[in-house]
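> Here it is: the structure, laid out below.
Protein chains: 2
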Amino acid sequence: MYTPIAQTPEPPYYVVVFTIVHAENLDGYEQMGEKMVQLASEQPGFLGLEYGIGDVELTISYWESSEAIRQWYAHAEHTIARDMGREKWFQAFKVRVARVERDYEFNRSVSE
Amino acid sequence: MYTPIAQTPEPPYYVVVFTIVHAENLDGYEQMGEKMVQLASEQPGFLGLEYGIGDVELTISYWESSEAIRQWYAHAEHTIARDMGREKWFQAFKVRVARVERDYEFNRSVSE
């Protein structure tokens, strides 16, 4: 069954937890976000993405390696987008790069 | 400045990315979720939590060590809650346990 949970391989792989608190002015933010998701998904080593919003905005992206993440952060368009975010859209953010050591899952339609 | 971004120490520390797709019947789910957040926050090694919802529900929790996470997963009330979730509230989920290797942050009120 399709689920919006990212399909990732057996560990080890990498996750980037990008946690954002927005500033007040979000003009152009959604378009930039969509563009960055599209661009990220075209990068070497990209595995998938999950997204949610609450008190913070969470973008969880999965990658084959730490090096793939470094290359994506060095991508020119991504660098420009982050600079614009600091200037306009972000009150605060934190980025955490982590190596997935183990995972497990449940899927009702498989287990029944 | 206070932000809802979890306050975590210098890496290394651990993150659990818990990604859920809900089933249709969510009776009792919110109460159980609140209870589990409260209980998790009282566990040894708990560092913080971030939450968001979109196509999936994301609960991101931070921990001092892999062992602290194992102990929380073995906690009797947590085990019962997960069993109830599989029975009633979850269509699918994935849990990923990852070691945070590096992080960085931005805070407008600090940088200005």
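As they're listed, the protein sequences go chains H and A. Take the first sequence: its letter number 61 is residue 54 in the working numbering, and every next letter is one higher. Take the second sequence: its letter number 7 is residue 0 in the working numbering, and every next letter is one higher. Each residue gets a CB set at the ideal place from its N, CA and C atoms; glycine is no exception. Predicted, not measured: the structure shown is a model, and the values here were computed from it.
1) Since residue 41 (chain H) and residue 1 (chain H) are thought to touch, with beta carbons under 8 Å apart, how far apart are those beta carbons, to the nearest angstrom?
2) Jot down the residue ranges of each uninterrupted alpha helix (DSSP H) in the stretch 18 to 82 of chain A, minimum 4 residues, whole runs only, in chain order.
3) Which one of A:49, A:45 and A:61 has the shortest CA to CA distance from residue 37 (chain A)?
4) Mind checking whether residue 85 (chain H) and residue 98 (chain A) have CB atoms under 9 Å apart?
5) Shorter than 9 Å from the beta carbon of residue 4 (chain A) to some beta carbon of chain H?
6) Going by DSSP, which residues form a beta bridge with residue 12 (chain A)?
7) Within 9 Å (strictly less), CB to CB, does residue 77 (chain A) reach chain H?
8) Among residues of its own chain, excluding the 5 on either side of residue 96 (chain H), which ones have a beta-carbon nearer than 8 Å to its beta-carbon?
9) What residues of chain H sit near residue -2 (chain A), judged by a beta carbon separation below 8 Å?
10) How big is the Cα-Cα spacing for residue 63 (chain A) and residue 28 (chain H)?
11) Relative to the alpha-carbon of residue 88 (chain H), which residue among A:69, A:88, A:53 and A:47 has its alpha-carbon at the smallest distance?
12) Examine chain A for any beta-carbon lying closer than 9 Å to the beta-carbon of residue 45 (chain H), and answer yes or no.
13) Please name the residue or residues paired with residue 98 (chain A) in a DSSP beta bridge.
14) Give a yes or no on whether the minimum CB-CB distance between residue 34 (chain H) and chain A is below 9 Å.
15) Give the C-beta separation of residue -2 (chain A) and residue 90 (chain H) to the nearest angstrom, bearing in mind that I take them to be a contact with Cβ-Cβ under 8 Å.
16) To be precise: take each residue of the stretch 50 to 63 of chain H, compare its Cβ to all Cβ atoms of chain A, and keep it if any distance is under 8 Å. Which residues remain?
17) Expressed to the nearest angstrom, what Euclidean distance is found between the alpha-carbon atoms of residue 77 (chain H) and residue 102 (chain A)?
18) I'd like the list of long-range same chain contacts for residue 94 (chain A), defined as Cβ closer than 7 Å, with 5 residues on each side in sequence excluded.
Quick look at the numbers:
1) On the first sequence, position 48 is the one that residue 41 (chain H) refers to. On the first sequence, position 8 is the one that residue 1 (chain H) refers to. Correct: roughly 6 Å between the Cβ atoms.
2) 22 to 34, 59 to 67 and 69 to 77
3) Residue 37 (chain A) sits at position 44 when you count from the first residue of the second sequence. Nearest C-alpha to residue 37 (chain A): A:61.
4) Here the question's residue 85 (chain H) lines up with position 92 in the first sequence. Here the question's residue 98 (chain A) lines up with position 105 in the second sequence. Yes, they are a contact pair.
5) Start at 1 with the first residue of the second sequence, and residue 4 (chain A) comes out as number 11. By this cut-off, residue 4 (chain A) is an interface position.
6) Numbered from its first residue, the second sequence carries residue 12 (chain A) at position 19. Paired residues: A:51 and A:87.
7) Within the second sequence, numbered from 1, the residue matching residue 77 (chain A) stands at position 84. So no, residue 77 (chain A) is outside the interface.
8) On the first sequence, position 103 is the one that residue 96 (chain H) refers to. 1 and 4, listed in sequence order.
9) Along the second sequence, one-based indexing puts residue -2 (chain A) at 5. Going along chain H in sequence order, the residues near residue -2 (chain A) (Cβ under 8 Å) are 12, 14, 49, 85, 86 and 87.
10) Here residue 63 (chain A) is taken as the residue at index 70 of the second sequence, counted from 1. Here residue 28 (chain H) is taken as the residue at index 35 of the first sequence, counted from 1. Their Cα atoms are separated by approximately 38 Å.
11) Along the first sequence, one-based indexing puts residue 88 (chain H) at 95. The option with the nearest alpha carbon to residue 88 (chain H) is A:53.
12) Sequence index remark: in the first sequence, residue 45 (chain H) carries index 52 (1-based). True, the Cβ-Cβ gap to chain A drops below 9 Å.
13) Walking along the second sequence from the start, residue 98 (chain A) turns up at place 105. In the DSSP output, where bridge partners are listed per residue, residue 98 (chain A) has H:87.
14) Position 41 of the first sequence, counted from the start, is the residue given in the question as residue 34 (chain H). Cβ-Cβ to chain A under 9 Å: no for residue 34 (chain H).
15) Translated into the one-based positions of the second sequence, residue -2 (chain A) becomes position 5. Translated into the one-based positions of the first sequence, residue 90 (chain H) becomes position 97. Residue -2 (chain A) to residue 90 (chain H), Cβ: 15 Å. No contact.
16) 50, 51, 53 and 59
17) Taking the first residue of the first sequence as 1, we reach residue 77 (chain H) at position 84. Taking the first residue of the second sequence as 1, we reach residue 102 (chain A) at position 109. Between residue 77 (chain H) and residue 102 (chain A), the C-alpha separation is close to 16 Å.
18) Position 101 of the second sequence, counted from the start, is the residue given in the question as residue 94 (chain A). Within the same chain, residue 94 (chain A) has close Cβ partners 4 and 5.
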